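Student:
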Amino acid sequence: MERKNSHMTRSSKEVASSTPYRILALILTFSMLLALGLCACSGKSTETTKKKKKAKKTTKETFETVSEPDEDPPTTSAVEPSDTSESDPFTTSTDDTTTSSVNPVVGISLPTKALKRWQDDGMLMKELLEADGYAVDLKFAGNDINTQLVQIENMINEECQVLIIAAIDGDSLTNVLDFAKAKNITVIAYDRLIRRTDAVSYYVTFDNYLVGTLQGEYIRIALDLDNADGPFNMEIFTGDPGDFNAKYFYDGAMSVLQPYISSGQLVVKSGQTDFYDVGTANWSTENAQNRMDTILTTYYSDGSQLDAILCSNDSTALGAELALSTSYTGNYPVITGQDCDITNVRNILSGYQSMSVFKDTRESVKATVNMAEEILTGSIVTVNDTSTYNNGTINVPSYLVSPVVVDKSNYEEILVDSGYYKKSDLS
Ligand code: BGC
């Protein structure tokens, strides 16, 4: 065996050193280098995928996505889990070079892993698309606008055919999406509308205005605003003003509550009712907690009762709850939320939050995957609304899914019986 090997080595050396073979070897090396250089410049894989052609099942795994821990944020944590483990768009991964040379057919860019819903959305989308044979590149952007821009740019360079984007800032993607449009890539805005561009083709979301009206209605009924002796004190926390959804949530809730504010039945002691005054940058729990702390110290430390806190989602609700737990001694207020994040559902069960609006993201994910596949196979794309969502440039054909209210009375039926959570997860 040894002899055979050494013979083989020797003879290949001999071959390589003879002049005609040397020239041939030089030509071959040069052509290989040239070919590699061309591939790198065009950003294409050697197995270039074609528009509307199914990709091979082999998937380009994205390193940061699959290696993420699956931990839930602690109930008492005032700070959102760090996003530092989310994708750094400037680093490369061995996965990138050692896995398949097939480029992703579908690029998915989501805002953050800090809220469990986005993680679940991304992982399920990826799983369903891969099960149908499409290669997927899934990235989370750590709630950082520039990171998301770079990630999307990379996906475009990778020649994906469909981009699914939940924008961190709905106004920041105009230029990068012009680039996508020039490359004939179809863009689906997921959950959050992308504004001021005609390069977005479809939108899948929940009825965001309805989310807000459900929250407003919950407060109206819980405080019995039409019959009870008031006035009642309420404070308001909505989301990041850069997220187009935040305005829909706010408008929907205020459509119910504003008449009671105007009549004096609801009093906002802080005076903060304007959309921008009640916004929460990045939807951050910490920012909401800080603002609630200041409000409690300034307006409620005299023993005033706080009767309700309108929170547009669960991360802001958690901030309000954490502030209350350290510096409020009155009767516990009605608190709204959205997403049924596991921490908040636990808080609903233990009485620290009143309700959350459940958006069964398994439904919006399925609708999105279905839409992506319709696009990729050249089929008619399923939408159920063509007039509600104007992004400032066009009416974006949309598929809307319905949200539902969850509280202590129905969480079992909606969240446990449907398999969204195991009952044991909630205690
Ligand atoms: C989503 C909510 C989410 C919020 C913060 C909104 O655009 O619709 O479900 O709670 O962003 O991430």
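The number in the numbering used here is simply the position in the sequence shown, starting from 1, with 4 added.
Just so it is clear, CB atoms sit at the ideal spot from N, CA and C, and this is done for glycine as well.
Everything numeric in this text was worked out from a predicted model, so none of it was measured.
Please name the residue in Ser267, Asn291, Ile168 whose C-alpha comes closest to that of tryptophan 122.
Tutor: Out of Ser267, Asn291, Ile168, Ile168 has the C-alpha closest to the C-alpha of tryptophan 122.
Student: Taking all protein chains shown into account, do 16 or more other C-beta atoms lie within 10 angstroms of the C-beta of histidine 11, making it buried, or fewer, making it exposed?
Tutor: Low confidence applies here, because histidine 11 scores a pLDDT of 31, under 50, leaving its location unreliable; read the following figure in that light. Exposed: under 16 other Cβ atoms inside 10 Å.
Student: Distance, Cα to Cα, threonine 277 vs serine 259?
Tutor: Roughly 13 Å separates the two Cα atoms.
Student: Would you kindly check if the distance between the Cβ of valine 282 and the Cβ of isoleucine 240 is under 8 Å?
Tutor: It is a contact, given that the beta carbons lie within the stated cut-off.
Student: Residues in its own chain within less than 8 Å of leucine 214 by CB, not counting five upstream and five downstream?
Tutor: Within the same chain, leucine 214 has close Cβ partners Gly256, Ser406, Pro407.
Student: Which residue comes first and which comes last in the beta strand (DSSP E) that contains threonine 190?
Tutor: From DSSP, the beta strand (DSSP E) with threonine 190 extends over 190 to 194.
Student: Using 10 angstroms around the beta-carbon of asparagine 348, count the other beta-carbons present and answer buried if the total reaches 16, otherwise exposed.
Tutor: The residue in question, asparagine 348, is buried, as its Cβ has 16 or more Cβ neighbours within 10 Å.
Student: Sort Tyr138, Lys187, Thr116 by Cα distance to glutamine 152 and report the nearest one.
Tutor: If we check each option's Cα against that of glutamine 152, Thr116 comes out closest.
Student: Applying the criterion that 16 or more other CB atoms from any shown protein chain within 10 Å of the CB defines a buried residue, is leucine 306 buried or exposed?
Tutor: Here the sequence assigns aspartate to residue 306, which means leucine is not the residue at that position. Exposed, since its Cβ has fewer than 16 Cβ neighbours within 10 Å.
Student: So, at 6 Å on beta carbons, what are the nonlocal neighbours of leucine 38 in its own chain, with the 5 sequence-adjacent residues on each side left out?
Tutor: Here leucine 38 scores only 41 on pLDDT, less than 50, and its place in the model is too uncertain to base an answer on.
Student: Buried or exposed, going by whether 16 or more other CB atoms sit within 10 Å of the CB of aspartate 230?
Tutor: Exposed is the call here.
Student: Do you know how far the Cα of isoleucine 313 is from the Cα of isoleucine 339?
Tutor: About 5 Å.
Student: Just to confirm the assignment, what range does the alpha helix (DSSP H) spanning asparagine 1 have?
Tutor: An answer regarding residue 1 cannot be provided, because it is not within the stretch 5 to 431 covered by the chain.
Student: Counting C-beta neighbours from all protein chains within 10 Å, is the total for tyrosine 25 16 or more, i.e. buried, or is it exposed?
Tutor: The pLDDT assigned to tyrosine 25 is 41, lower than 50, so where the model puts this residue is not dependable; a value taken from the coordinates is nonetheless given after this. Exposed.
Student: Going by other Cβ atoms of all chains shown within 10 Å of its Cβ, with 16 needed for buried, is glycine 2 buried or exposed?
Tutor: Residue 2 is absent from the model: the chain starts at 5 and stops at 431.
Student: Is it buried or exposed for alanine 232, if we count other Cβ within 10 angstroms and need 16 for buried?
Tutor: The residue in question, alanine 232, is exposed, as its Cβ has fewer than 16 Cβ neighbours within 10 Å.
Student: Under the criterion of a Cβ to heavy atom distance below 7 Å, does glycine 275 qualify as lining the ligand BGC?
Tutor: Glycine 275 Cβ: outside cutoff for every heavy atom of the ligand BGC.
Student: Considering only C-alpha positions, which residue in the set Ser391, Leu353, Leu380, Arg200 is nearest to serine 413?
Tutor: The shortest Cα separation from serine 413 among Ser391, Leu353, Leu380, Arg200 belongs to Leu353.
Student: So, with DSSP's three-state summary, where would you put glutamate 325?
Tutor: In the structure shown, glutamate 325 sits in a helix (DSSP, three-state: H, G or I).
Student: Short check: CB of asparagine 150 to CB of alanine 118, under 8 Å?
Tutor: Result no, Cβ atoms of asparagine 150 and alanine 118 do not sit closer than 8 Å.
Student: With burial defined as no fewer than 16 other Cβ atoms inside 10 Å of the residue's Cβ, what is the status of glutamate 417: buried or exposed?
Tutor: When all chains shown are included, glutamate 417 counts as exposed.
Student: Starting from lysine 143, trace the beta strand (DSSP E) in both directions and tell me its first and last residue.
Tutor: Per DSSP, lysine 143 belongs to the beta strand (DSSP E) from 140 to 144.
Student: Exposed or buried, which one is glycine 341 when buried takes at least 16 other CB atoms within 10 Å?
Tutor: Counting Cβ neighbours within 10 Å, glycine 341 comes out buried, since at least 16 surround it.
Student: In this structure, what does DSSP give as the bridge partners for isoleucine 240?
Tutor: Isoleucine 240 is bridged to Leu314.
Student: Nearest to proline 263 by CA position, among Asn249, Thr289, Pro235, is which residue?
Tutor: When only C-alpha atoms are compared, the closest one is Pro235.
Student: Within the continuous alpha helix (DSSP H) that includes glycine 111, where are the two ends?
Tutor: From DSSP, glycine 111 is part of no alpha helix (DSSP H) but of the beta strand (DSSP E) over 110 to 114.
Student: Pull up the DSSP beta-bridge partners for threonine 209, would you.
Tutor: In the DSSP output, where bridge partners are listed per residue, threonine 209 has Leu404.
Student: Which same chain residues end up closer than 7 Å to leucine 322 when comparing Cβ atoms and leaving out the 5 residues on each side of it in sequence?
Tutor: Cβ neighbours of leucine 322 beyond the five flanking positions: Thr289, Thr347, Asn348.
Student: Candidates Gly137, Met129, Leu114: which alpha carbon is nearest valine 154's?
Tutor: Nearest of Gly137, Met129, Leu114 to valine 154, Cα basis: Leu114.
Student: Just to confirm, is the Cβ distance from serine 331 to tyrosine 303 under 8 Å?
Tutor: Cβ distance not < 8 Å, so serine 331 and tyrosine 303 don't count as in contact.
Student: Can you tell me the Cα-Cα spacing of methionine 375 and aspartate 345, whole angstroms?
Tutor: Rounded to the nearest angstrom, the two C-alpha atoms are 26 Å apart.
Student: In the DSSP output, which residue or residues are listed as bridge partners for phenylalanine 362?
Tutor: Beta-bridge pairing links phenylalanine 362 to Val408.
Student: In this structure, does DSSP put asparagine 150 in helix, strand or coil?
Tutor: Reduced to three states, the DSSP call for asparagine 150 is helix.
Student: Which residues share a DSSP beta bridge with isoleucine 339?
Tutor: The partner list for isoleucine 339 (beta bridge, DSSP) reads Ile313.
Student: Grab me the residues of asparagine 335's own chain with a C-beta within less than 7 Å of its C-beta, minus the 5 sequence neighbours each way, in chain order.
Tutor: Correct list, in chain order: Gln309.
Student: Anyone know if the C-beta pair for leucine 419 and phenylalanine 362 falls short of 8 Å?
Tutor: Yes, the pair counts as a contact, with Cβ atoms nearer than the cut-off.
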